[in-house]
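A short worksheet on the structure shown next.
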Amino acid sequence: MSRLSSAEKATLIEKMVRFIPHAELQGICLESIDGEEVTMRLPYREELVGNPDTGAIHSGVLTVLLDHTLGTAGLCCDKVGPTITPTLDLRIDHLGIAPANRDILAVARVYKVTRRVIFVEGFAYCESRDKPIARATGSWVLMPELALDKLLSATAETADP
Amino acid sequence: MNLSELIAHQPDEDTLRLWLKKIPYAAYLGIDAEVRGNEILFILPADDKLIGNPTLPAIHGGVVGAFMEHAATFHLVAKMDTPVLPKIIDFSLDYLRPARLLATYASCKVTRQGKFIANVSVSAWQEQSDQPNAIARAHFLIPEND
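Protein chains in written order, with the working numbering: chain A, 3 to 163; chain B, 19 to 164.
Take a look at the structure:
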């Protein structure tokens, strides 16, 4: 398996956000790549509020962000690389509240790769990595026969009506 | 009327819809609800802004999860004797098939409600309720009144 540089991983991850309309609409963007660990940012928006009395973000928003970030971690994992990985399952523990007017960051890393399944873990935080507001684990199905670059370029070709 | 005050009213279809409108994220996703006898059906209308995979096209899996979480929360509130807004503890979601760009429905069951904790299961489907797109289960903490 070829190792991608951090710059190559960043390009792929940014392409992936633009490929996924809902992720792009949410303004989800790459924060940083540290080896095989990826961090994504979700900017605060009033539309995402779950408790109008406090302005706290809805916990379901974390499901979107963590699903996206954990799903992206495969692109950063040297044993996985650029392939399509549909989500099989996702489990989220809610440890705190995403307060008003704060962006949310999500961090993820693949911790086990098998022939068909990759196992990913991650967390979300607002203030500091030491104070996660949610933890997530999930599994993704590995489909190396569906190369990501083909999908991304096929979409680019068919995007113009 | 704030959300807590609204929740304290016994839920019928109109109250349920008012709750959903009061929550900015539920309103953004476009979640609606219908009450049919004892059953509550939650509805996520198809909308281009919810697309996760443009080639199928399919609704973003995270959005399906967020919709199911709303359904679980409000189903639980609606079934409570003294409605309070429960706090989600954890959420576990199994994706079974991609959700196409169609209306998605969710129905829930309170599997167990104790004094402090409730367990709610959710099924989300599109064309046939016996072919769910995703199933989930959530644990909620019931805030204690002093």
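All residues carry an ideal CB built from backbone N, CA and C; glycine is no exception.
{"Check": "Between the region 108–120 of chain B and chain A, which residues of the former have a C-beta closer than 9 Å to a C-beta of the latter?", "Outcome": "108, 109, 110, 111, 112, 113, 116"}
{"Check": "Tell me residue 140 of chain A's beta-bridge partners as DSSP assigns them.", "Outcome": "A:92, A:122"}
{"Check": "Reducing DSSP to helix, strand and coil, say where residue 161 of chain A ends up.", "Outcome": "Confidence is the limiting factor: at residue 161 of chain A the pLDDT is only 43, short of 50, which leaves the residue's position unreliable and the question unanswerable from this model."}
{"Check": "Quick check: what's the CA-CA separation for residue 75 of chain B versus residue 11 of chain A?", "Outcome": "25 Å"}
{"Check": "Which two residues bound the contiguous beta strand (DSSP E) that contains residue 113 of chain B?", "Outcome": "105–113"}
{"Check": "Give the single residue among A:57, A:8, A:96 whose Cα lies nearest to the Cα of residue 107 of chain B.", "Outcome": "A:96"}
{"Check": "Quick check on the burial criterion: 16 or more other C-beta atoms within 10 angstroms. Buried or exposed for residue 44 of chain B?", "Outcome": "buried"}
{"Check": "With contact counted as at least three CB pairs below 8 Å, one residue from each stretch, are the region 65–75 of chain B and the region 29–43 of chain B in contact?", "Outcome": "no"}
{"Check": "Within the chosen definition, does the region 77–97 of chain B reach the region 135–148 of chain B through at least 3 CB pairs nearer than 8 Å?", "Outcome": "yes"}
{"Check": "Would you identify the three-state DSSP class for residue 117 of chain B, choosing helix, strand or coil?", "Outcome": "coil"}
{"Check": "Quick one: measure Cβ to Cβ for residue 102 of chain A and residue 74 of chain A, integer angstroms, because I've assumed they're closer than 8 Å.", "Outcome": "Going by Cβ atoms, the distance from residue 102 of chain A to residue 74 of chain A rounds to 26 Å, so no, they are not a contact pair."}
{"Check": "Suppose the cutoff is 7 Å on Cβ atoms and the five residues either side in sequence are ignored; what does the same chain contact list for residue 60 of chain A look like?", "Outcome": "50, 51, 52"}
{"Check": "Which bits of chain A does residue 141 of chain B rub up against, with CB to CB less than 9 Å?", "Outcome": "Residues of chain A passing the Cβ test: none, with the nearest at roughly 15 Å."}
{"Check": "In the DSSP assignment, what are the bridge partners of residue 143 of chain B?", "Outcome": "B:123"}
{"Check": "Could you pull the DSSP bridge partners for residue 131 of chain B from this structure?", "Outcome": "B:136"}
{"Check": "Quick test of your reading: residue 15 of chain A and residue 72 of chain A, contact by CB under 8 Å. State the CB separation rounded to the nearest angstrom.", "Outcome": "With 8 Å as the limit, residue 15 of chain A and residue 72 of chain A do not qualify as a contact, their Cβ atoms being about 13 Å apart."}
{"Check": "Looking only at its own chain, which residues have a Cβ that is under 6 Å from the Cβ of residue 120 of chain B, when we skip the five neighbours before and after it?", "Outcome": "64, 144"}
{"Check": "Does the beta carbon of residue 93 of chain B sit closer than 8 Å to a beta carbon anywhere in chain A?", "Outcome": "no"}
{"Check": "Answer with buried or exposed for residue 28 of chain A, where buried requires no fewer than 16 other C-beta atoms within 10 angstroms of its C-beta.", "Outcome": "buried"}
{"Check": "Using a Cβ-Cβ cut-off of 8 Å, state whether residue 147 of chain B counts as contacting chain A.", "Outcome": "no"}
{"Check": "Assuming contact is defined by CB atoms lying nearer than 8 Å, are residue 171 of chain B and residue 6 of chain A in contact in what I supplied?", "Outcome": "Outside the modelled stretch of chain B, which goes from 19 to 164, sits residue 171 of chain B, for which no answer is possible."}
{"Check": "When the cut-off is 8 Å and only beta carbons count, does residue 112 of chain A lie next to chain B?", "Outcome": "no"}
{"Check": "Measuring CA to CA, which of B:20, B:112, B:100 is closest to residue 42 of chain B?", "Outcome": "B:20"}
{"Check": "Can you give the Cα-Cα distance for residue 130 of chain A and residue 136 of chain A, rounded to whole angstroms?", "Outcome": "12 Å"}
{"Check": "Can you list, in chain order, the residues of its chain whose CB lies under 7 Å from that of residue 30 of chain B, leaving out five sequence neighbours each side?", "Outcome": "53"}
{"Check": "Who pairs with residue 52 of chain B in a beta bridge, going by DSSP?", "Outcome": "B:59"}
{"Check": "What are the residues in the region 10–24 of chain A lying within 8 Å of chain B by C-beta distance?", "Outcome": "21, 22, 23, 24"}
{"Check": "Check residue 15 of chain A in the structure and name its three-state DSSP category.", "Outcome": "helix"}
{"Check": "Which residue comes first and which comes last in the alpha helix (DSSP H) that contains residue 31 of chain A?", "Outcome": "Careful: residue 31 of chain A lies outside any alpha helix (DSSP H), inside the beta strand (DSSP E) at 31–36."}
{"Check": "Does residue 163 of chain A come within less than 8 Å of chain B when only Cβ atoms are used?", "Outcome": "Annotation note: pLDDT 37 at residue 163 of chain A (below 50); position unreliable, no value reported."}
{"Check": "Would you please verify whether the beta carbon of residue 49 of chain A is less than 8 Å from any beta carbon of chain B?", "Outcome": "yes"}
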